[in-house]
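**Student:** Mind looking over this structure? Questions follow.
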Amino acid sequence: MNGVETITARILEEAESAALSAKEEGKRQVADILDSYRSRADFLLAAARDDAGKEEKAAELRSASGASMARRRILLEAKAEAVASCYEAAAEYFRSLPAGEYRSFLFSLLYHALKQKEENDAYLRRAYGEEEVPSCDAYVVVLSGEDGKKVGASFLSDFAAEYAGRLPEETLKKLRLSDRPEKTEGGLILRCGEIETNCTLPVLLASEREKSEARVSDLLFSDTKE
418 MNGVETITAR ILEEAESAAL SAKEEGKRQV ADILDSYRSR ADFLLAAARD DAGKEEKAAE
478 LRSASGASMA RRRILLEAKA EAVASCYEAA AEYFRSLPAG EYRSFLFSLL YHALKQKEEN
538 DAYLRRAYGE EEVPSCDAYV VVLSGEDGKK VGASFLSDFA AEYAGRLPEE TLKKLRLSDR
598 PEKTEGGLIL RCGEIETNCT LPVLLASERE KSEARVSDLL FSDTKE
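Following the working numbering, the numbering of the sequence shown begins with 418 at its first residue and continues without gaps.
Structure, rendered in structure tokens:
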């Protein structure tokens, strides 16, 4: 082998060695890159799993909270219905009283309505003078058609006889029964000129409910815990 061949062979050998070295280095770099991406992928996967776990727990909490709110709403609605049914039952109790007892109940309503009117008029006279007291030619008692039949035509005359001495005679003489019954759902309405006192069962029980609903609820659900 002459000198040229020797030099050429050495160059080829060095080139092959360099190529092999470059190839190995390339493999190593590729492996490093793959390892890096695998680590990154593992990190991202772990982070994604962690986020998914957190979201799942948050969803569970939201679901539990929503279920709790729904349960509370349903419970409150059920309680409100139960309380309302008590007042409806009270109205039905009065409406279903025997005729004699129902008559006495209406007597009591009428007496207190007249007594309140009398007290209001007295206050107006003291505070503003006689001219400020609205004139009243008649106290008109309004019943439902059903109640009118139930209590009878002698309702007002019997009332006047029973409450003589407890109300002014002039007041008792002004009592009139309306010839136009109304759908009152029980109870009565007292009219004196432009002034009307509503003593029907729905109005009376609505007023009572404002004052006693909380107490009724406590009595019904004193042992109930939400």
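All residues carry an ideal CB built from backbone N, CA and C; glycine is no exception.
Return the CA-CA distance between residue 515 and residue 486, expressed in angstroms with no decimal places.
**Tutor:** Rounded to whole angstroms, residue 515 to residue 486 spans 46 Å at the Cα level.
**Student:** Assign residue 548 to one of three DSSP states: helix, strand, or coil.
**Tutor:** Of the three classes helix, strand and coil, the one that applies to residue 548 here is helix, per DSSP.
**Student:** Measuring straight from C-alpha to C-alpha, what distance separates residue 556 and residue 592?
**Tutor:** Each residue's Cα considered, the two are about 5 Å apart.
**Student:** Can you give me the start and stop residues for the beta strand (DSSP E) that residue 605 sits inside?
**Tutor:** Taken as a continuous stretch (DSSP letters only), the beta strand (DSSP E) holding residue 605 covers 604 to 609.
**Student:** In the DSSP output, which residue or residues are listed as bridge partners for residue 584?
**Tutor:** The partner list for residue 584 (beta bridge, DSSP) reads 581.
**Student:** Should residue 439 be labelled buried (16 or more other beta-carbon atoms within 10 Å of its own) or exposed?
**Tutor:** Bear in mind that the predicted position of residue 439 carries a pLDDT of just 48, short of 50, making it unreliable; the figure below should be weighed with that in mind. Looking at its Cβ environment, which holds fewer than 16 other Cβ atoms inside 10 Å, residue 439 is exposed.
**Student:** Sorted by chain position, which residues of the same chain lie with C-beta nearer than 7 Å to residue 615's C-beta, five sequence neighbours on each side aside?
**Tutor:** Same-chain partners within the cutoff: 606.
**Student:** Quick check: the Cα distance between residue 639 and residue 629, rounded to an integer number of angstroms?
**Tutor:** So the two alpha carbons sit approximately 15 Å from each other.
**Student:** Return the residue from the list 518, 525, 498 and 496 that minimises the CA-CA distance to residue 621.
**Tutor:** When each option's Cα is compared against that of residue 621, the closest is 525.
**Student:** Grab the span of the alpha helix (DSSP H) containing residue 563 for me, first residue to last.
**Tutor:** First-last of the alpha helix (DSSP H) with residue 563: 562 to 568.
**Student:** Taking the DSSP output, what are the residues bridged to residue 614?
**Tutor:** BP columns for residue 614 point to 607.
**Student:** Provide the residue span of the beta strand (DSSP E) that contains residue 594, from first to last.
**Tutor:** Residues 592 to 594.
**Student:** Have a look at residue 566 and residue 585 and give me their C-alpha separation to the nearest angstrom.
**Tutor:** Going by the C-alpha atoms only, they are around 28 Å apart.
**Student:** Can you list, in chain order, the residues of its chain whose CB lies under 7 Å from that of residue 458, leaving out five sequence neighbours each side?
**Tutor:** No answer about residue 458 holds up, because its pLDDT of 47 lies below 50 and its placement is not dependable.
**Student:** Are residue 530 and residue 637 closer than 8 Å when you measure CB to CB?
**Tutor:** Result no, Cβ atoms of residue 530 and residue 637 do not sit closer than 8 Å.
**Student:** Look up residue 556 in the DSSP assignment and give the residues it is bridged to.
**Tutor:** Paired residues: 592.
**Student:** Cα separation between residue 561 and residue 599?
**Tutor:** The alpha-carbon atoms of residue 561 and residue 599 are separated by roughly 5 Å.
**Student:** Nearest-angstrom Cα distance between residue 595 and residue 494?
**Tutor:** So the alpha carbons of these two residues sit roughly 41 Å apart.
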